[in-house]
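A.B. asks:
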Amino acid sequence: MQESMSFFTGFGLNDLWFLGEAALKTLWISVLSISIGTLLGTFFGWLLHEGKWVATFTIAPILDVFRSVPLIIQLVLFYNFAPIIGLNFDPFASGVVILTLYTAALVASVARGGIESVPPSMRRASRSLGMSYWQDLFHVVLPIGGRAVFPAWVGVVLGVMKDSALVSVLGYVELLKASQVLITRTQEPLLILAIAGAFYFALSYPISRYAHKFEQRWSK
Amino acid sequence: MKWPLTSFIAAASILVSTQASADTLDNVVDRGTLRCGVVLDFPPIGYRDANNQPAGFDVEYCQDLAKSLEVEAEIMPVTWSERLPVIATGRADVVFGATSDTLARARTVGFSIPYAVYFSQGVINADSGIESFEDIRGKRVAAALGTMPEQEWLKIAEQWDETHSYQSYQSENEVFLAVAQGKADIGLTTNTAVKAITEQYDSLDPGPRMPWTPDYTSIVGKRQDVTWLNYLNLFVTHQVRSGRYDELWSKYVGAEQSPELRIPGVLY
Amino acid sequence: MFDYNFHWRPVLKTLPDLIQAGLTTLEVASLSMLIGIVLGLCLALMRMNMTGPLKWFAVSWIELARNTPALFQLFFFGFGLGAIGINLTPYTIILTGLSFNCAGYLAENFRGGFQAVPDTQLKAARCLGMNAWQAYTRIVIPQVFRVVYHPITNQMVWAVLMSSLGMLIGFRELSGETQFFASRTFRIFEYFAVTAVLYYIIVKIVLAASRLLAMRLFRY
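This is the structure:
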């Protein structure tokens, strides 16, 4: 009998490191899905704007599904569906796929709003100045429309970063899952939740302040 | 949601008709890794050590199995409710997770011969005043989602008309935490966990043993894959014959005699 | 690998229970929205009009609610508070957590709404002989509600989607019930696919109801 064997150990400094590492994982999965999702979503938004009738009956309902079903259900569904069709996705990959599509669905409507916020007269003016369609899109619509919907986009970014906590349900050890692991081992929920909360706050708050400043400067 | 579903089903049914016949044993040897689902919130059978690495009886069993196949073991932490779906969907090759071999589960997954035996026992809040099983009447009961104690308790609770006071948690550790904090009066778990848990918390005491039958638990593999299940059976007998079973049981559970794996009165 | 057989029968057999659980989801979401609106209004007024500890309290509530994941907040109200001896039932945890979260988000919407109503209106109302209470409830707040009606609808959809986190804290709303049934039959994919459809329907019903209500409320 090994009396000395312990299945629970107290909270130590290396656990703080463990949480820090997990916070980086949260950051990594968020950055990855947000960047791909934003590109994809902008493209979808452009499709929604340009291909009015076709898009309304094809991609619009699909994007709507991603906005109308809880993210946690999407994650569980995809994670359990992927192996059925022979895709061996680990929790991280499944998380990235769903978070990307989720971001894209949210960004699509933001992007569409951005394109539509540019007055048609301005676009006609740029075309009559001899700009091609793409020049107009990248040099006129992108800077002006992008500025108009920047706050909405930041909202999406912050939302997705916080929602990435749900990937913990699949067993990916990001910040929230790491804190659960530590609570299991150390049985100190309040302390560990407080630290995890501080990490989330530290990731999210500066971005929202920064965006707010930006917004104020532009509105001047 | 309509269109993905129908097309998914269509895609899946096409794929079903053209399935390959390679079995798990071949796949594992060829891949060079054994994907083991292990429940890690079940000390001392599966838990995380001070470095947050998987450890415990089940983890070592998984590593032994991998060694016997001369492949790498890949430990996949799963929750109680996930441990069978990961087999059904082919995400894991094998699951060690103190899985009772119930007939209901056998409709979905395949079982090896028993590799460990547990009894259901409660851990009680020191203030709950529960001494015998009958005392549980009118108390708040907690267990982990998808476990055998949960299913057995709900049968009794239905007779007692007490299903409303039952609480279900994602993990066994949340059950213990809930009982220790006073959210529930008794948590249902297995005898092996009780000692470790009650030593950890001052507010928890060992509770009564549950009246249902001992829990014969098996290694889980794909139901259709009989050759793989045969291999797992052979593995279980080899663990006992080589003395590894006794060694690991006494290492993790304690000095008490490792339980007899044969079921008396019937050929298994 | 592709030898998964779909079993839909057990899911269809429990469909009535799932629909019942869907009503629980709606109930929790609506209740927490009601509490959230009242609290959010108070927080917005406190943040704009107060100084000292009251303002500080409102600001920290709003920022904490907006900058940490909803799931984290639920864990906090569950095991976090349990550690100091406050034990809430799963129903109260989800209700408190969602109300806390909604209040934080709605407070910012209300603040925007108040800023959209010009000061001069309040002054005009006072000049007409209304007292402060009358001026607020009859002139300012109706206009604020008009501005924030759309954000409130969005927040209601969010509340429905967020209540799905109940499954992680042992509450048997739609997701929790689904997970419970899935854990008995091990048919995760089938169950969650049906639940995704149910959520979609619930969200559509909420949006349709909101549109009908808007037609009645804001017709001139």
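These protein sequences, in sequence, are chains U, X and D. The opening residue of the first sequence carries number 3 in the working numbering; numbering runs sequentially from there. The opening residue of the second sequence carries number 85 in the working numbering; numbering runs sequentially from there. The opening residue of the third sequence carries number 467 in the working numbering; numbering runs sequentially from there. The beta-carbon is built from N, C-alpha and C at its ideal position, and this holds for glycine as well. On a predicted model such as this, the values are computed, not experimentally measured, just so you know.
1. Kindly say whether phenylalanine 203 (chain U), judged by its beta-carbon, lies nearer than 9 Å to any beta-carbon of chain D.
2. Check whether the region 207-217 of chain U touches the region 268-288 of chain X, taking contact to mean three or more Cβ pairs, one atom from each stretch, closer than 8 Å.
3. According to DSSP, glycine 39 (chain U) sits in a beta bridge with which residue or residues?
4. Could you work out which residues of chain D lie near tyrosine 403 (chain X), taking near to mean beta carbons separated by less than 8 Å?
5. For a cutoff of 9 Å on Cβ pairs, would you count asparagine 209 (chain X) as touching chain U?
6. Assign tryptophan 155 (chain U) to one of two classes, buried (16 or more other C-beta atoms within 10 Å of its C-beta) or exposed (fewer than that).
7. Grouping DSSP H, G and I as helix and E and B as strand, with all else coil, what is valine 109 (chain U)?
8. Tell me the DSSP secondary structure of glutamine 645 (chain D) in three-state form.
9. State the CB to CB distance for the pair tyrosine 253 (chain X) and alanine 228 (chain X), rounded to an integer number of angstroms; the pair is presumed to be in contact (CB under 8 Å).
10. Answer yes or no: does any C-beta atom of chain D fall closer than 9 Å to that of glutamine 341 (chain X)?
11. Does valine 343 (chain X) come out as helix, strand or coil in the three-state DSSP assignment?
12. I'd like to check one pair, valine 201 (chain X) with tyrosine 329 (chain X): are the Cβ atoms closer than 9 Å?
13. Anyone know if the C-beta pair for lysine 202 (chain U) and phenylalanine 94 (chain U) falls short of 9 Å?
14. In the DSSP assignment, find the alpha helix (DSSP H) that holds glutamate 218 (chain X) and state where it starts and stops.
15. Which residues bound the beta strand (DSSP E) around leucine 678 (chain D)?
16. Per DSSP, isoleucine 270 (chain X) is paired with what?
17. Going by DSSP, name the residue or residues bridged to glutamate 529 (chain D).
18. At a cut of 8 Å, does the region 178-198 of chain X reach the region 215-230 of chain X through at least three beta carbon pairs?
19. Are the region 94-110 of chain U and the region 26-42 of chain U touching, with three or more C-beta to C-beta distances below 8 Å?
20. Can you check which of these residues, U:Val78, U:Glu190, U:Lys179, is closest to leucine 124 (chain X) by C-alpha distance?
21. Can you give me the start and stop residues for the alpha helix (DSSP H) that tyrosine 557 (chain D) sits inside?
22. Out of curiosity, what's the CA-to-CA distance linking serine 676 (chain D) and phenylalanine 637 (chain D)?
23. Closer than 9 Å between beta carbons: that is the criterion. Which residues of the region 628-661 of chain D meet it against chain X?
24. Asparagine 82 (chain U): buried (16+ other C-beta within 10 angstroms of its C-beta) or exposed?
25. Any Cβ of chain U within less than 9 Å of the Cβ of valine 610 (chain D)?
26. Using the C-alpha atoms, what's the distance from valine 179 (chain X) back to leucine 120 (chain X)?
27. Determine the chain U residues that contact leucine 537 (chain D) at a beta-carbon separation under 7 Å, and present them in chain order.
28. First and last residue of the alpha helix (DSSP H) that includes valine 613 (chain D)?
29. Sort X:Glu344, X:Tyr336, X:Pro343, X:Ser204 by Cα distance to tyrosine 131 (chain X) and report the nearest one.
30. Any beta carbon from chain X within less than 9 Å of tyrosine 470 (chain D)'s own beta carbon?
31. Excluding the five sequence neighbours on either side, which residues of its own chain have a C-beta within less than 8 Å of the C-beta of tyrosine 285 (chain X), listed in chain order?
32. Let me check one thing: in DSSP terms, what residues is arginine 132 (chain X) bridge-paired to?
33. Which bits of chain U does aspartate 125 (chain X) rub up against, with CB to CB less than 8 Å?
34. How is phenylalanine 545 (chain D) classed by DSSP in three states: helix, strand or coil?
35. From asparagine 533 (chain D) to threonine 231 (chain X), what distance separates their C-alpha atoms?
36. So with Cβ pairs under 9 Å, would you call glutamine 235 (chain X) a contact of chain D?
C.D. replies: Let me lay it out:
1. Against the first sequence, residue 203 (chain U) aligns to sequence position 201. So yes, phenylalanine 203 (chain U) belongs to the interface.
2. Look at the beta carbons and you see the region 207-217 of chain U not touching the region 268-288 of chain X: under three pairs across the two are nearer than 8 Å.
3. In the first sequence, residue 39 (chain U) corresponds to position 37, counting from 1. In the DSSP output, where bridge partners are listed per residue, glycine 39 (chain U) has none listed.
4. Nothing in the structure corresponds to residue 403 (chain X), since chain X is present only between 85 and 352.
5. Here residue 209 (chain X) corresponds to residue number 125 of the second sequence, with the count starting at 1. Against chain U, the CB of asparagine 209 (chain X) has no partner CB under 9 Å away; the residue lies outside that interface.
6. Here residue 155 (chain U) is taken as the residue at index 153 of the first sequence, counted from 1. By the 10 Å Cβ count, tryptophan 155 (chain U) comes out buried.
7. Position 107 of the first sequence, counted from the start, is the residue given in the question as residue 109 (chain U). It is helical.
8. Walking along the third sequence from the start, residue 645 (chain D) turns up at place 179. Taken through DSSP and simplified to helix, strand or coil, glutamine 645 (chain D) comes out as helix.
9. Against the second sequence, residue 253 (chain X) aligns to sequence position 169. Against the second sequence, residue 228 (chain X) aligns to sequence position 144. 6 Å between Cβ atoms; contact.
10. By 1-based counting over the second sequence, the position of residue 341 (chain X) is 257. With 9 Å as the cut-off, glutamine 341 (chain X) does not count as an interface residue toward chain D.
11. One-based indexing of the second sequence puts residue 343 (chain X) at position 259. Correcting the residue type first, residue 343 (chain X) is proline in the shown sequence and not valine. Proline 343 (chain X) falls in the coil class under three-state DSSP.
12. Indexing the second sequence from 1 puts residue 329 (chain X) at position 245. Indexing the second sequence from 1 puts residue 201 (chain X) at position 117. Between tyrosine 329 (chain X) and valine 201 (chain X), the gap from beta carbon to beta carbon reaches 9 Å or more.
13. The count along the first sequence starts at 1 and reaches residue 202 (chain U) at position 200. The count along the first sequence starts at 1 and reaches residue 94 (chain U) at position 92. Checking the displayed sequence, the identity of residue 202 (chain U) turns out to be tyrosine instead of lysine. Contact check for tyrosine 202 (chain U) against phenylalanine 94 (chain U) fails: the beta carbons are separated by 9 Å or more.
14. The residue labelled residue 218 (chain X) in the question sits at position 134 within the second sequence. Here glutamate 218 (chain X) belongs to no alpha helix (DSSP H), and DSSP marks it neither H nor E.
15. Counted from its first residue, the third sequence places residue 678 (chain D) at position 212. Counting along the chain, leucine 678 (chain D) sits inside no beta strand (DSSP E); it lies in the alpha helix (DSSP H) bounded by residues 654-683.
16. As a first step, residue 270 (chain X) is located in the second sequence; it is residue number 186 there, counting from the start. Paired residues: X:Ile208, X:Val225.
17. Counted from its first residue, the third sequence places residue 529 (chain D) at position 63. DSSP lists no partner for glutamate 529 (chain D).
18. Segments in contact, no.
19. With the cut-off at 8 Å, the region 94-110 of chain U and the region 26-42 of chain U touch.
20. Counting from 1 along the second sequence, the entry for residue 124 (chain X) is found at position 40. Comparing Cα positions, the closest option is U:Lys179.
21. The count along the third sequence starts at 1 and reaches residue 557 (chain D) at position 91. Membership of tyrosine 557 (chain D) in the alpha helix (DSSP H) is indicated by the continuous run 556-582.
22. Stepping through the third sequence from its first residue, residue 676 (chain D) is reached at position 210. Stepping through the third sequence from its first residue, residue 637 (chain D) is reached at position 171. Rounded to whole angstroms, the gap between the alpha carbons of serine 676 (chain D) and phenylalanine 637 (chain D) is 27 Å.
23. Within the region 628-661 of chain D, those residues whose Cβ lies closer than 9 Å to any Cβ of chain X are, in chain order, Met633, Leu634, Ile635, Gly636, Arg638, Gly642, Gln645, Phe646, Ala648, Ser649, Arg650, Thr651, Phe652, Arg653, Ile654, Phe655, Ala659.
24. As a first step, residue 82 (chain U) must be located in the first sequence, where it is residue number 80. Counting Cβ neighbours within 10 Å, asparagine 82 (chain U) comes out buried, since at least 16 surround it.
25. Position 144 of the third sequence, counting from 1, holds the residue named residue 610 (chain D). Valine 610 (chain D) is outside the set of residues whose beta carbon lies under 9 Å from a beta carbon in chain U.
26. As a position in the second sequence, residue 120 (chain X) is number 36, starting the count at 1. As a position in the second sequence, residue 179 (chain X) is number 95, starting the count at 1. A small correction: the amino acid at residue 120 (chain X) is cysteine; leucine does not occupy that position in the sequence shown. Cysteine 120 (chain X) and valine 179 (chain X): Cα-Cα distance of roughly 6 Å.
27. As a position in the third sequence, residue 537 (chain D) is number 71, starting the count at 1. Those are Ala167, Leu168, Leu178, listed as they occur along chain U.
28. Against the third sequence, residue 613 (chain D) aligns to sequence position 147. From DSSP, the alpha helix (DSSP H) with valine 613 (chain D) extends over 607-628.
29. Taking the second sequence and counting its residues from 1, the one referred to as residue 131 (chain X) is at position 47. The shortest C-alpha to C-alpha distance from tyrosine 131 (chain X) to any of X:Glu344, X:Tyr336, X:Pro343, X:Ser204 is the one to X:Tyr336.
30. If you number the third sequence from 1, residue 470 (chain D) lands on position 4. The beta carbon of tyrosine 470 (chain D) sits closer than 9 Å to some beta carbon of chain X.
31. Taking the second sequence and counting its residues from 1, the one referred to as residue 285 (chain X) is at position 201. Phe260, Ala264.
32. Within the second sequence, residue 132 (chain X) is the residue found at index 48, counting from 1. Here arginine 132 (chain X) is bridged, per DSSP, to X:Pro138.
33. In the second sequence, the residue the question calls residue 125 (chain X) occupies position 41. Taking a Cβ-Cβ threshold of 8 Å, the residues of chain U close to aspartate 125 (chain X) are Thr186, in chain order.
34. For the purposes of this step, residue 545 (chain D) is identified with residue 79 of the third sequence, where counting begins at 1. DSSP places phenylalanine 545 (chain D) in helix when its eight states are reduced to three.
35. Working through the third sequence from its first residue, we reach residue 533 (chain D) at position 67. Working through the second sequence from its first residue, we reach residue 231 (chain X) at position 147. Going by the C-alpha atoms only, they are around 35 Å apart.
36. On the second sequence, residue 235 (chain X) is found 151 positions in, with the first residue counted as 1. Cβ-Cβ to chain D under 9 Å: yes for glutamine 235 (chain X).
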